[in-house]
Amino acid sequence: MSRLLTRRTLVTAGLATAAGASGLGAAIHLAGGYGLIPPDHGGIVGIGETLTYSAQRLLTSGYSLAREFKRSDISKIPIVNGPAPKDDAFRALAADGFKNWRLQIEGLVARPVSFSLEELRRLPAESHIVLHACEEGWSYIAEWTGVRLSSVLELVKTRPEARYVVFMPFANPKQTTGDVRVLWDNIDMADALHPQTLLAYDMNGEALRPDFGAPVRLRLGRQLGFKNTKYLSRIIVTDRIDLYRKGPGTWYGGI
Amino acid sequence: MSIDSSSAALHPRVAAPPATSGEPAAEAPADKAGRSLRHIAIVRASHWTMAGSVLGLLVTGGGILISHPRLYWGETGSVATPSLIDLPLPFIIGPSVSNRPFHFFFAWILVLSGLVYIAGSIATRHFRKDLLPARADLNWNSIAGVISAHLRWRRTSTDEAWTYNVVQRLAYLAVVFVLFPGIVWTGLAMSFGVTSVFPILATIVGGFQSARTLHFVFVSLLVIFLIVHLAMLCLVGFGSHVRAMITGYIPQRRSGR
């Protein structure tokens, strides 16, 4: 191969790379405006995560509904993944049936409100029989009853600039060695306003058991198990894209 | 890969020039060194991109699998339910979390390069010219002849390395049009977002766990293909055929391997 050809190849490759990079940059900027860029879009893994998230947000843009099942499909034995928090605050609340528990909703809302369990139960309830799957691979079907998150967000009047909803659970010191590992998480507004997204307080017709997330957990129809934050204590509406739990996994879960 | 001269002697029909297949070697474009183009650029580029992504997918998929190496049928399954298959693998909770993001990264590379390969192959008539078997070869005698020769580890002649034999054609077509689509299908059928739009992807195979099991079955078949693919590569000359898939050319006169 001659030197000239090598140089030409190099120049062409360089120009192509530059064009590709600036094209990609423009595409990312444009996609960001349409809410197609996930918080963890950086790095090698972020490329796959961004493609998955934007492809799914385009595909599911009409609030597509997760598959629902018959009551006879409900699994006899649902699986507990991570037992209830062992800390004193949670135990004290659980001891008297969460009568003193309150769910604080704050952030980009016109009326920050805190709900008691009874107040949440007085809001319009609905049930969904859906598949609950862990990203490890196992799954069960259960019926979840609760109030639509969108109804609650309507009550507190989210501001138009809201982009994410953050869910804070009770801390669980027993879930890790060393530091307290709090499995807090956040979801985008597409999931938050989805008709199958519940603040669930009943499971299979009974009050949510502590191990399954009592008193109230998040239930998303179109997400893996780990996004369904348990033992809720606080909900924060935010526009901050950097406010997400960084871990070994991805934010959207890649599904 | 492997073209066998001995099978022609055993089964004359194999030796007959296939009706729809294989450009004659004489017509293949040759460079100044007298070498002829064996693999077009689109095939070479997508072969290695997909090979890399498949390797990445196997490693990261294994990482996800050992987090729950039990397979089920239907929609549900867990340690509390009977399994369809208990894989003889370690049961290690945890790796799925870190492997999943990489799995999807490689899956995107596979799907995008696969689409480029299919579009390019249609445009260049690669499927029709190189992969579609001749009708005359589609009989058990031809197929059994090729298989029995290779089972006896017979090497190919240089001349015949310009085309694929009937078993190769069928194997490659199965990989391109059955295994990879099956793997992508069952992968998508495990996605809650995708099945909310296309529930039939999951329901038609029997449910979420069935899709997961079939994903494993398709991948296992692909692994079997890869083992045979590599074994045949060793039979016909690993170096020269890998070089041909990189540069596109096989040397006209081959000395040994």
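Residue numbers (numbering that gives the first Met the number 0), protein chains in the order written: chain L, 0 to 254; chain C, 0 to 256.
C-beta atoms are modelled at their ideal positions from N, C-alpha and C, and glycine is treated no differently.
Cα-Cα separation between residue i and residue j, rounded to whole angstroms
i      : j      : result
C/S112 : L/G34  : 26 angstroms
L/L242 : C/P132 : 57 angstroms
L/A161 : C/A188 : 32 angstroms
L/G47  : L/R6   : 33 angstroms
L/L182 : C/R127 : 54 angstroms
C/I63  : L/E135 : 6 angstroms
L/H193 : L/Y200 : 18 angstroms
L/R216 : L/I78  : 15 angstroms
C/M0   : C/R37  : Its pLDDT being 43, under 50, C/M0 is placed unreliably by the model, and the measurement read from it follows with that caveat. Going from the Cα of C/M0 to the Cα of C/R37 covers about 11 angstroms.
L/V10  : L/A20  : 15 angstroms
L/M188 : L/Y163 : 6 angstroms
C/Q167 : L/T16  : 37 angstroms
L/R120 : L/I76  : 26 angstroms
L/Q55  : C/W152 : 48 angstroms
L/I71  : C/V235 : The amino acid at residue 71 of chain L is misidentified as Ile; the sequence shows Ser. Cα to Cα, the separation comes out at about 58 angstroms.
L/P168 : L/T228 : 7 angstroms
C/F197 : L/F225 : 23 angstroms
L/R151 : L/I234 : Residue identity differs from the one stated: residue 151 of chain L is Val in this sequence, not Arg. Rounded to whole angstroms, L/V151 to L/I234 spans 11 angstroms at the Cα level.
C/S95  : C/G60  : 8 angstroms
L/D238 : L/L148 : 17 angstroms
L/T49  : L/T59  : 15 angstroms
L/I186 : C/E74  : 25 angstroms
C/I182 : C/R211 : 10 angstroms
L/G204 : C/L109 : 44 angstroms
C/A243 : C/L54  : 21 angstroms
C/S190 : L/I240 : 24 angstroms
L/P82  : L/D210 : 5 angstroms
C/W47  : L/R208 : 51 angstroms
L/G61  : L/F68  : 21 angstroms
Range covered by the beta strand (DSSP E) that runs through residue i
i      : result
L/T59  : From DSSP, L/T59 is part of no beta strand (DSSP E); its letter is neither H nor E.
L/I104 : R101 to G106
L/F114 : V112 to S115
L/M202 : L197 to M202
Contacts that residue i makes with chain C (C-beta to C-beta distance below 9 angstroms)
i      : result
L/D72  : E74 and T75
L/E48  : P100, F103 and F104
L/P123 : The premise fails here: L/P123 is roughly 23 angstroms from chain C at the closest Cβ pair, so nothing lies under 9 angstroms.
L/V44  : P100, F101, F103 and F104
In DSSP terms, what residue i is bridged to
i      : result
L/F166 : L/D184 and L/I234
C/L70  : C/I84
L/S126 : L/T144
C/G76  : L/S138
L/A206 : L/D201
Per-residue contacts from residue i into chain L (C-beta, under 7 angstroms)
i      : result
C/H67  : E135, G136 and W137
C/T194 : R66
C/P198 : R66
C/F207 : L130, A132 and S138
C/R211 : G136
Range of the contiguous alpha helix (DSSP H) that encloses residue i
i      : result
L/R90  : D87 to A94
C/F101 : P94 to A122
C/A188 : F179 to A188
C/A40  : A40 to L64
C/V222 : F207 to V235
C/S195 : F191 to V196
C/V145 : W139 to L150
L/I73  : Taken as a continuous stretch (DSSP letters only), L/I73 belongs to no alpha helix (DSSP H), as it is neither H nor E.
C/L131 : No alpha helix (DSSP H) contains C/L131, which DSSP labels as neither H nor E.
L/R244 : Element bounds for L/R244: n/a, residue is neither H nor E.
C/Y171 : V165 to A173
C/A201 : I199 to T202
Neighbour list for residue i in chain C, Cβ cutoff strictly below 7 angstroms
i      : result
L/V164 : Chain C residues near L/V164: none, gap ~18 angstroms exceeds 7 angstroms.
L/V112 : Going along chain C, no residue has its Cβ under 7 angstroms from L/V112, so there is no contact; the nearest lies around 30 angstroms.
L/T51  : F103
Proximal residues of chain L, C-beta to C-beta of residue i below 8 angstroms
i      : result
C/F191 : A65, L130, A132, G220, R221, Q222, L223 and I254
C/A201 : R66
C/W107 : I46, G47, L50 and T51
Residues that residue i contacts on chain C, provided the C-beta gap is smaller than 8 angstroms
i      : result
L/I76  : S77, A79 and T80
L/L234 : The sequence shown places Ile at residue 234 of chain L, not Leu. Per Cβ cutoff of 8 angstroms: no residues; L/I234 is ~22 angstroms from chain C at best.
L/F55  : A small correction: the amino acid at residue 55 of chain L is Gln; Phe does not occupy that position in the sequence shown. Chain C residues near L/Q55: S190, G192 and V193.
L/L58  : G192, V193 and V196
L/G248 : V96, S97, R99 and P100
Interface residues of chain L facing residue i [CB-CB closer than 9 angstroms]
i     : result
C/I92 : E135
Residue i beta carbon near the ligand ADP (any heavy atom closer than 7 angstroms)
i     : result
L/F89 : In the structure on display, the ligand ADP does not appear, and there are no ligands present to speak of.
Write down every uninterrupted run of the beta strand (DSSP E) in the region 212–241 of chain L whose length is 3 residues or greater and which is fully enclosed by it, in chain order. Complete beta strand (DSSP E) runs here, min 3: 216–218 and 231–237.
Ranges of the alpha helix (DSSP H) found wholly within the region 128–156 of chain L, counting only runs of at least 4: 148–155
Report the start-end ranges of each alpha helix (DSSP H) in the region 13–63 of chain L that is 4 residues or longer and not cut off at the edges. Under the rule that a run must span 4 or more residues, the alpha helix (DSSP H) segments found entirely inside the region 13–63 of chain L read 42–58.
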